[in-house]
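Participant:
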Amino acid sequence: MVIKLREPSGVGITDTGIEHGGAAAVRNQLSEFGGDVFYGISMDMINHFIPHIRKMSQDLLNPLEANGEMEFVTEVARVLPSGVLAELFGIPEEDRELFRQCSNTMTGFFGGSVEYTNPVAMEANAAAVTLREYFRGVLEDRRKDPQQDFLSGML
Numbered sequence: 009m010v011i012k013l014r015e016p017s018g019v020g021i022t023d024t025g026i027e028h029g030g031a032a033a034v035r036n037q038l039s040e041f042g043g044d045v046f047y048g049i050s051m052d053m054i055n056h057f058i059p060h061i062r063k064m065s066q067d068l069l070n071p072l073e074a075n076g077e078m079e080f081v082t083e084v085a086r087v088l089p090s091g092v093l094a095e096l097f098g099i100p101e102e103d104r105e106l107f108r109q110c111s112n113t114m115t116g117f118f119g120g121s122v123e124y125t126n127p128v129a130m131e132a133n134a135a136a137v138t139l140r141e142y143f144r145g146v147l148e149d150r151r152k153d154p155q156q157d158f159l160s161g162m163l
C-alpha cells in the first residue's frame, strides 16, 4: 500500500517513509555559507538520519495498512515530530517519552492549541525547565563523548 499525503510544503509520506524536497534546500543553504557544514551539521550527518526517520515513519503508519484505518493526529502527528527530534538529538529510547510529553506540552501552549491560563502556563514552564535540565546533562555528556547526532555536531 502506498500512502501519499501531499501538503503545500512538499512533504509527502509514502511506502518508503517521509519524502521532503528539503534536502536540496539544505544543500543550497550549506553552499551559501561556504561549504558542506552548517554549524557542525553536515550533509553526511543529515543523510545518516534519513533511513532512521523513514523507518520511524513507516512504523507509525503500519497500523493503517494492517487495520485499514488509524487516528492520524493521535497516532502520527503527535508522535512523529518529537520522535524525529529525539532521533536527531540522540536521545536514548528510555528518555523519549519524557521528551515527547514535554515537547507536546510546550507545542500546545506556544502553538495556541490550549487555553492561556495560569495552570496551563505553569505546566508549559515546568516542561521547559525539565527539558532545559535534561539537555544540560546531555550536552555535558556530548562534550565528553561526542556522538553522531546534531547536538554533538553543534558543540
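In this note's numbering, the protein residues as written are 9 to 163. Glycine residues also receive a C-beta, built at the ideal position from the N, C-alpha and C atoms.
Which residues in the same chain as Gly120 place their Cβ atom closer than 7 Å to its Cβ, once the five residues preceding and following it in sequence are excluded?
Facilitator: none
Participant: Taking the straight line between their C-alpha atoms, what separation do you get for Gly161 and Pro100?
Facilitator: Cα to Cα, the separation comes out at about 17 Å.
Participant: Quick one: residues in its chain with C-beta nearer than 8 Å to the C-beta of Pro154, no 5 flanking neighbours on either side, listed in chain order?
Facilitator: Ser160, Leu163
Participant: Rounded to whole angstroms, what is the Cα-Cα separation between Ser90 and Phe107?
Facilitator: 7 Å
Participant: Please name the residue in His60, Glu95, Ser111, Val81 whose C-alpha comes closest to that of Thr138.
Facilitator: The shortest Cα separation from Thr138 among His60, Glu95, Ser111, Val81 belongs to Ser111.
Participant: Is Phe117 near Ala132, with beta carbons less than 8 Å apart?
Facilitator: For Phe117 and Ala132, yes; Cβs fall inside 8 Å.
Participant: Quick one: grab the DSSP three-state call for Ser121.
Facilitator: coil
Participant: Between Pro127 and Arg140, what straight-line distance do the alpha-carbon atoms span, to the nearest angstrom?
Facilitator: 20 Å
Participant: Starting from Arg150, follow the alpha helix (DSSP H) in both directions and report where the run begins and ends.
Facilitator: 126-152
Participant: Is the separation between the beta-carbon of Val84 and that of Leu69 shorter than 8 Å?
Facilitator: yes
Participant: Is it right to say Met64 is buried, meaning 16 or more other beta carbons lie within 10 angstroms of its own, or is it exposed?
Facilitator: buried
Participant: Tell me the rounded alpha-carbon separation between Met78 and Met130.
Facilitator: Rounded to the nearest angstrom, the gap between the Cα atoms of Met78 and Met130 is 33 Å.
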